[in-house]
Amino acid sequence: MPMKIPLKEAFVAGKTAFGVWNTIPGASVVRTMASTPGISWVLIDAEHGHINDTLIYTHATAISAAGRSPLVRIPDASAWWAKRALDAGAHGLMVPLLRDAAGTREVVASARYPPIGTRGFGPMYTHHAFGDDCTPQEYKEGAQDVFVLAQIETKEAVANIDEIAQVEGLDVLFIGPFDLSLNLGVAFGSDAHDDAIKKSTNGDQARVRAEQGFDMISIATDVDVLSQGYAAHISSATGSNVAARSGYSAK
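According to UniProt numbering, the sequence shown is numbered sequentially starting from 1.
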């Protein structure tokens, strides 16, 4: 039986793949997030979230049990982190702060088994996140289909976007708007910031785009939903206009 990868199914069906961003540890938290109607993926943020190596497996299996794809943003581009996240059941890797095509090719290689890549084979638990009927052998046969997502958030990546987009095996260019503004030295939302985003998302350069420019969209983080939701409820209860604190957004 083929591996179930809901994110891939959304792309094949031509649908925009909406998802949410997980930074808070806990299987009950992430399972609740994964039950959100209309999403196809939940990203486990091991870069900035409070989620360690051990928790990735717990979160990935909880997300996949709800019929969504668990993606993992690893802390860096090392092959060790790529292996650990994929062996824990990630349907895809998001890699931060990539700068050029050479570094991107190394990441892609670390996500694939030989002869395509360099990933070591040891999926003792990995298949748990790919459907009840998926066996280790079936995972081995289908593992070359796991997603690799490059975050475009450095000025070097913007300058090298043409070469990065042509790396074989790279599936998605994903804009990291906050780090991008910092690395460019421009204000978030400024014309220069918007121009850089447009350069990374036009039809010739981006691997994944919808008619309006995107095929994969993050709608909210768990922290944002909690803070804004509680602020809205307390405002309703007290009749006051309590503004929610603006937390970190990983869109």
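Backbone N, C-alpha and C define an ideal beta-carbon position, used for all residues, glycine too.
Residue i versus residue j - alpha carbon distance
| i | j | result |
| --- | --- | --- |
| residue 160 | residue 102 | 10 Å |
| residue 133 | residue 98 | 36 Å |
| residue 219 | residue 19 | 6 Å |
| residue 36 | residue 67 | 11 Å |
| residue 236 | residue 228 | 12 Å |
| residue 4 | residue 238 | 46 Å |
| residue 82 | residue 16 | 26 Å |
Minimum C-alpha distance to residue i - residue among the options
| i | options | result |
| --- | --- | --- |
| residue 137 | 147, 125 and 60 | 125 |
| residue 119 | 34, 32 and 78 | 78 |
| residue 225 | 13, 15 and 33 | 33 |
| residue 64 | 38, 142, 163 and 131 | 131 |
| residue 71 | 13, 21 and 127 | 21 |
| residue 61 | 75, 86, 47 and 143 | 86 |
Cβ shell of residue i (< 6 Å), same chain only, five flanking positions each side left out
| i | result |
| --- | --- |
| residue 117 | 109 |
| residue 163 | 101 |
Outcome for residue i when other beta-carbon atoms lying within 10 angstroms are tallied against a minimum of 16
| i | result |
| --- | --- |
| residue 230 | exposed |
| residue 69 | buried |
| residue 154 | buried |
| residue 175 | buried |
| residue 44 | buried |
| residue 6 | buried |
| residue 234 | exposed |
Chain-order list of residues whose beta-carbon lies under 7 Å from that of residue i (same chain, five-residue window excluded)
| i | result |
| --- | --- |
| residue 8 | 145 |
Exercise for review: Decide if the region 103-115 is in contact with the region 161-170; the criterion is three or more beta carbon pairs, one per stretch, under 8 Å apart.
Suggested key: yes
Practice item. Report yes or no: do three or more beta-carbon pairs, one from the region 52-63 and one from the region 27-41, lie closer than 8 Å? Key: yes
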